[in-house]
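Below: the structure, in structure tokens.
Chains as they are written, first to last, in our numbering: chain R, 1 to 178; chain Y, 179 to 571.
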């Protein structure tokens, strides 16, 4: 299996650093340039964590506004996506916590397919938040392990172990479903 | 081992060539990833992101910090969500059958077991469909799909008749059980020491073996292991074996010092094996242990006899005689392995018997051979032949 490129490759570190510095000094254009580069990745992460179109859109909007307010707190040399991904993760977690028990939209699919999907999503819900984020970043965003470590603020190699454990737990109910 | 492109290397590919189980796991993982990707991915079109950008620009210029989603964006979301959901579920519908087909592939070394024997650990409760069909068996689905991976979990000993069954230790030397047993024995010894110390003082003499008798009094028919030998200044570890485990001691002693023909073992190997066996008191007095072990009639404890292990050492070189560093040495049938060190040497502890040894190293052809592992096996000499590596596209 060949390694795949990330869906949204991170911006060149030097260019990003310049944009972050400008945004910290109040340059709206620089902040918009940063967002234009990352907003798709932000939305995809939000959807993978909330699994609802409206929630994902709301989380994306709020995350962008919070990023605008908090961009001055980005440390020198810190990458932008791990920082905004942290905002998205906490917002998505709060959103899901608030919507627990609410009925999901009924998909137009065969009952067997819905059942398998439901098993998988329930298994995903059973993972801890870091593992859920690692799965989303790896499987949806196709981020390399080192970048997932950076987003989750973990030691190098932790994402690999976390994903191995998560995949093991995710595949168990599917095997029983088969 | 998970191979999704992130940790791929030539060594991993070589390993996959040899490991059917790993290949199957890789395929299963890829199909689970595909299904997850279909479920978790939602890619709106340009209109959505254009509306999002317009919203951001407006908020950035106006300085409005309210966290409500703008109506324009809501309209785009509402219009797009139905189409996107249909698209997403079409992808899921496409991914599910292939995933189920992969999931039903039988593991190469697995044996089918009954559904109730499957360990349910870490599995969420199955979702009951409206008709309650989950509780019924589904023979038409995939009868060979329920498998247990025979990884290191050792099999439990068969249950014995309860009527005549004396209390015996578990067949498997469970670390937790052993720890609890040791802790209980230590506690009993301490309590017995506290109780008996005043009596011993009253008699102004220490009676050897009193503690042993007190401990053994809880299990009246059990024979004493320590037969009050002449008081030794430093009792050997085997002499202070927990007296509450009388039936394990012979079996353990048998395992730790099996009848090895002295002529078949070199002195160095003999010393090494004695160093690895803590139950042997000292090399200078083997007779002190051997007669005890052989004189004790070995009771029939089939489940307590752990498989005898041997040490398999060897050296891996290339055709020019240089050591091969970092070569993978695998004994696939017992699922153990090692890497060679800087001098190309390796040592593996494995159960004795006939084993298939595989030596894998990047740039060399894989070497396989049948080796007979005894308790002390002479050092193996493995020579790897170089192989041309084709650059993968």
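For each residue, glycine too, the CB sits at the ideal point set by N, CA and C. Nothing here was measured: the structure is a model prediction, and the numbers come from that model.
Asked	Found
For a contact meaning CB atoms closer than 9 Å, what does residue 25 of chain R contact in chain Y?	None at all; the shortest Cβ gap to chain Y is about 14 Å.
Quick check: the region 233-241 of chain Y against the region 51-59 of chain R, are there 3 or more CB pairs under 8 Å?	no
Could you check whether the region 136-152 of chain R touches the region 61-69 of chain R, counting it as contact only if at least three pairs of C-beta atoms, one from each stretch, sit closer than 8 Å?	no
Just checking, does the region 526-533 of chain Y make contact with the region 544-553 of chain Y on the three C-beta pairs under 8 Å criterion?	yes
Going along the chain, which residues of its own chain have a beta-carbon closer than 8 Å to the beta-carbon of residue 23 of chain R, five neighbours each way excluded?	30, 31, 34, 71
Kindly indicate if chain Y contains any beta-carbon less than 9 Å away from that of residue 96 of chain R.	no
For residue 198 of chain Y, decide whether its Cβ has a neighbour in chain R, counting only Cβ atoms nearer than 9 Å.	no
How is the alpha helix (DSSP H) around residue 29 of chain R delimited, first residue to last?	28-50
Would you mind telling me which residues of chain R sit closer than 7 Å to residue 215 of chain Y, beta carbon to beta carbon, in chain order?	139, 140
Using a Cβ-Cβ distance cut-off of 9 Å, determine whether residue 270 of chain Y contacts chain R.	yes
Rounded to whole angstroms, what is the Cα-Cα separation between residue 152 of chain R and residue 366 of chain Y?	50 Å
Which value, in whole angstroms, describes the spacing of the CA atoms of residue 274 of chain Y and residue 250 of chain Y?	36 Å
Would you kindly work out how many angstroms separate the C-alpha atoms of residue 211 of chain Y and residue 355 of chain Y, rounded to a whole number?	40 Å
Specify the secondary structure class of residue 515 of chain Y as computed by DSSP and reduced to three states.	strand
CB residue 207 of chain Y to CB residue 158 of chain R, shorter than 9 Å?	no
What whole-angstrom Cβ distance do residue 213 of chain Y and residue 120 of chain R have, given they're in contact under 8 Å?	6 Å
Excluding the five sequence neighbours on either side, which residues of its own chain have a C-beta within less than 8 Å of the C-beta of residue 453 of chain Y, listed in chain order?	Residue placement at residue 453 of chain Y is flagged as unreliable, the pLDDT there being 40, under the threshold of 50; the coordinate-derived value follows with that caveat. Counting only Cβ-Cβ distances below 8 Å, and skipping sequence neighbours, we find nothing.
Taking the straight line between their C-alpha atoms, what separation do you get for residue 357 of chain Y and residue 369 of chain Y?	18 Å
Check each candidate in R/166, R/116, R/114 and name the one with the smallest Cα separation from residue 126 of chain R.	R/166
Listing by chain order, which chain R residues have their CB less than 7 Å from the CB of residue 360 of chain Y?	What residue 360 of chain Y touches in chain R: nothing, since even the nearest Cβ is about 32 Å away.
Starting from residue 528 of chain Y, follow its DSSP beta bridges and name the residues at the other end.	Y/488
So with CB distances below 9 Å, who are the chain Y contacts of residue 155 of chain R?	Within 9 Å Cβ-Cβ: nothing; residue 155 of chain R doesn't reach chain Y, min ~16 Å.
Could you pull out every residue in the same chain whose Cβ sits closer than 8 Å to the Cβ of residue 198 of chain R, ignoring the five residues on either side in sequence?	Any question about residue 198 of chain R goes unanswered here, given that chain R covers just 1 to 178.
If we count the other Cβ atoms within 10 Å of its Cβ and call it buried at 16 or more, is residue 564 of chain Y buried or exposed?	exposed
For residue 61 of chain R, count neighbouring Cβ atoms within 10 angstroms of its own Cβ and tell me buried if that reaches 16, exposed if not.	buried
Taking 9 Å as the threshold (beta carbon to beta carbon), is residue 102 of chain R in contact with chain Y?	Its pLDDT being 48, under 50, residue 102 of chain R is placed unreliably in this model, and the value from its coordinates should be taken loosely. False, the Cβ-Cβ gap to chain Y never drops below 9 Å.
Looking at the structure shown, is residue 617 of chain Y part of a helix, part of a strand, or coil, going by DSSP?	Absent from the model: residue 617 of chain Y. The displayed extent of chain Y is 179 to 571, so no value can be given.
Cutting at 7 Å between CB atoms, please list the residues of its own chain near residue 514 of chain Y, excluding the five before and the five after it.	526, 528
Report the rounded CA-to-CA distance for residue 496 of chain Y versus residue 36 of chain R, giving the unit in angstroms.	55 Å
Classify residue 115 of chain R: buried if its beta carbon has 16 or more other beta carbons within 10 angstroms, exposed otherwise.	buried
Cβ-heavy atom distance between residue 233 of chain Y and the ligand NAD below 8 Å?	Among the components modelled here there is no ligand, and therefore nothing to report on the ligand NAD.
Considering only the alpha carbon of each residue, which of R/88, R/27, R/168 lies closest to residue 46 of chain R?	R/88
Among Y/510, Y/556, Y/218, Y/505, whose alpha-carbon lies nearest the alpha-carbon of residue 520 of chain Y?	Y/505
One question on the structure: do residue 492 of chain Y and residue 559 of chain Y come within less than 9 Å of each other, judged by their Cβ atoms?	yes
Do you know how far the Cα of residue 203 of chain Y is from the Cα of residue 222 of chain Y?	33 Å
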